[in-house]
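A short write-up of the structure that comes next.
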Amino acid sequence: MSSVLEYLSLGFSVAFTATNLLVAAIGSFIGTIVGVLPGLGPINGVAMLVPIAFAMQLPPETALILLAAVYVGAEYGGRITSILINVPGEAAAVMTTLDGYPLARQGLASVALSLSAWSSFIGSTIAIIGIVLLAPLLANFAVAFGPAEYFVLMVFAFCALTSLLGDEPVKGILAAMLGLFISTVGVDSNSGVYRYTFDLPNLADGIDFVVVVIGLFAVAEMLQMLENLLGGTSIEVPKSERKLFNLKELAFTWWSTVRAGVTGFVIGILPGAGASVASAVAYANEKKICEGKDPNAKFGQGDMRGLAAPEAANNSAATGSFIPMLTLGVPGSGTTAVMMGALTLYNITPGPVLFDAQPQIVWGLIASLFVANVILFLMNVPLVRLFASMLSIPPRLLVPGILAISFIGVYAINATRFDLLMVVGIGVIGYFLRKMNVPMAPMVLGVVLGDMMEQNLRRALSITNGEISILFESKISIALWILAALVAIVPPVLRKLASKKASVPAN
Amino acid sequence: MLTLNDRVLGIAALIFAALITAFGYDLEPPFSYEPVGPKAFPLLLALIIALCGLRLVIKGGGEVEANPEGANVRIATMVAYLAGYAFLFQWIGFIAATTLMVTLIGRLFQATWAQAIIGGVVMSVGLFFLFDKGLDVVLPAGILGDLL
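From first to last, the protein sequence lines are chains Z and R. Quick note: the first sequence, position 376, residue 376 per my numbering, numbers continuous. Quick note: the second sequence, position 1, residue 1001 per my numbering, numbers continuous.
Take a look at the structure:
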């Protein structure tokens, strides 16, 4: 325990340097804006900033702090439009519309905004405490993993991500395989063989992760925006009587916030589930609990507990999702996969070893998550009007602006025309895949994990001279295989049962 | 026009798997000291991609709603603009290329010519100074090389 405190103080000494504080504040600001803009979520914001952080030669912990602040900030920003105009700014804020918008219509918009900022803050804080307690234990456990265990662990991560992410697992698997394939392009480091390079020198080092991510999340996204031309919307934050929530409202929502924060954290750790699932589960839970006890509960018509719960849950899930990346080196969500890709640009591989080898990165990040949260909470209450006004930026400026910044980032990595052209190509492919409902997150995970997965598989099989039995030998591997099978089978079966139940008429 | 559905996706996956196999089958290292060579992993992926493709072809369904009228033309135009932007970025420099891109894409999003051109000039100059001069991210100066 004392060592945890020691590491934590190391973390805060990293977080409290002037540069890192400034970066956390800038990241929180940008993140909130990204969250406010419908169509752009945390993954888009993080993807766009990865190459820029790298090109600015920020040290790795500073870059990671920037990206983490953007991620958490986007979860804060998503709620603003949910409450004010009933349009979720990003996927995890959907549940916030249910009670947030009715509250705004009752003239309590400012109260709803400040209360949800507060519950976001509490949710994140719960998750950060969870990380501090849990992450070192998990990292210790994972140090014992050999190549076989790692390979199976990655299989588990893919199973979880594809099965929880949508009702079409086939497309999820397809996406993951495409991502893994992209990672095989280039020189094979073991044998020196050129794979799928077609004699192009630009492909010898492989397809840069940044090129894929920008193609999929900036170019494809902008192409999709062209389908429907919508003008910028300008919204006013109504001048309600009170700006801040009062103590009575705080006490009224307190236990809902705490329960949802814990639920969100647990769900956030699971690979694949993430913030959207967490907020939905927390809302449903809270509705059940409160309606059982309180006959005056009015969920769906502006109950403050129905506003606090999903906001606490999505922020704590976003924070909790750092755990698999930090401790195991296997990210559990699209956004953390992008962050892990950013670290690999610096030749840093997250995982259990990082806790010992470079504690300033891990603990600096954990401390900065907390700092960013305080900044976000303080910033979000007075600056709500400013953030809401971002919605009035018309697409004719927003879209080319995002594209120009994306191109700057890609160009900064290798300074070649080839990369820029490839971004456009991958963007077009990504657009078609999106149209056909192929999820993008497994693909990013594939690109990021591909090399590690192949290397661990080959290393494991080298030990036994090609015998695949090694993949099923240790207790840990077997347990992971069972978990992978469970996570692949149970959710689709549950979905099928649920839909059957729904189709049988109640008599 | 061809409509998108799961069968189309499945066929594309099958073709892609075939290509991976065709170009991966001959990948042999000059000498080998490990049991699993460079082609095993890609071929395994091709197999799984093919299985996904088969499943999609057999199951069918998943019609994608057609885009609203005019959207396909707009999207194709934007892809052409972006390819042009990628091509010119280094050659004529960031400011010139970005002015052009912002103006043309602004027009696609219903800006008037005046709005689009002003937006293009202001944004490209602003971003150049922010990134190149302010944040030390080096951008190509191109045809404006002597001025900057």
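Just so you know, even glycine gets a beta-carbon here, dropped at the ideal spot from N, CA and C. Source: prediction; values computed, not measured.
Scanning the region 1019-1101 of chain R for uninterrupted alpha helix (DSSP H) segments of 4 residues or longer gives 1040-1059, 1071-1088, listed from N- to C-terminal end.
Taking 8 angstroms as the upper bound for CB-CB distance, Z/N20 and Z/S368 are in contact here, some 6 angstroms apart. Look at Z/Y76 here: in three-state DSSP terms it is helix.
According to the DSSP secondary-structure assignment, Z/V193 is paired through a beta bridge with no residue. Per DSSP, reduced to three states, the secondary structure at Z/G186 is strand.
The alpha-carbon separation between Z/T96 and Z/A308 amounts to approximately 8 angstroms. Within the region 1112-1126 of chain R, those residues whose Cβ lies closer than 9 angstroms to any Cβ of chain Z are, in chain order, Q1115, A1116, G1119, G1120, M1123, S1124.
With fewer than 16 neighbouring CB atoms inside 10 Å of its own CB, Z/L494 falls in the exposed class.
By the Cβ criterion, the region 120-135 of chain Z is in contact with the region 310-319 of chain Z, since at least three pairs of Cβ atoms, one from each stretch, lie closer than 8 angstroms. Annotation for Z/E149: S474, I476, S477, L480 place their beta carbon closer than 8 angstroms to its own, counting only its chain and skipping 5 residues before and after. For R/A1022, there are no neighbours in chain Z by C-beta distance under 7 angstroms, as the nearest C-beta there is about 11 angstroms away. In the displayed model, Z/V428 falls within a helix according to three-state DSSP.
Interface annotation, Z/D188: in contact with chain R, CB-CB separation under 8 angstroms. Taking the beta carbon of Z/P201 as reference, no residue of chain R falls within 7 angstroms; the closest one sits roughly 16 angstroms away.
Of all residues in the region 1067-1081 of chain R, only N1067, P1068, A1071, R1074, I1075, M1078, V1079 come within less than 7 angstroms of chain Z when Cβ atoms are compared, listed by chain position.
Among the CB atoms of chain Z, none fall inside 8 angstroms of the CB of R/T1003. Boundaries of the alpha helix (DSSP H) harbouring Z/F355: 352-357, taken from the DSSP string.
Secondary structure of Z/Q360 (DSSP, three-state): helix. Neighbourhood of Z/N456 in chain R, by CB distance below 8 angstroms: empty, with the nearest CB roughly 11 angstroms away. Contact annotation for Z/T184 against chain R: F1041, P1042 [CB-CB distance below 7 angstroms, chain order].
Taking CB atoms only, R/A1086 has a neighbour in chain Z less than 8 angstroms away. Residue Z/A218 holds the alpha-carbon nearest to the alpha-carbon of Z/R434 among Z/V36, Z/F156, Z/A218, Z/D199.
No Cβ of chain Z is located within less than 8 angstroms of the beta carbon of R/L1014.
Nothing from the region 316-349 of chain Z brings a Cβ to less than 7 angstroms from some Cβ of chain R.
For Z/D99, the enclosing alpha helix (DSSP H) stretches over residues 94-103. Rounded to the nearest whole angstrom, the C-alpha separation of Z/S9 and Z/G364 is 9 angstroms. In chain order, T162, S163, P492 place their CB closer than 7 angstroms to the CB of Z/P169, counting only its own chain and leaving out the 5 sequence neighbours on each side.
Restricted to the region 91-161 of chain Z, the alpha helix (DSSP H) segments that are unbroken, complete and at least 4 residues in length are 94-103, 109-142, listed in chain order. If you ignore the 5 residues before and after Z/G206, its C-beta comes within less than 6 angstroms of the C-beta of V185, G186, all in its own chain and listed in chain order.
Residue environment: R/K1133 is assigned as exposed (fewer than 16 neighbouring CB atoms within 10 Å of its CB, all protein chains considered). According to the DSSP assignment, Z/I33 belongs to the alpha helix (DSSP H) that extends over 18-36. Against Z/R495, chain R offers no close residue; the least beta-carbon distance is about 16 angstroms (beta-carbon pairs closer than 7 angstroms). The C-beta separation of Z/T253 from Z/M325 comes to about 31 angstroms, leaving the pair out of contact by the 8 angstroms criterion. Excluding the 5 residues flanking it on each side, R/F1131 has same chain C-beta neighbours closer than 7 angstroms at V1137, L1139, in chain order. The CB of R/I1049 comes closer than 8 angstroms to the CB of L174, M177, L178, F181 in chain Z, given here in chain order. The closest CA to that of R/G1061, considering only R/I1143, R/G1126, R/V1008, is found on R/V1008.
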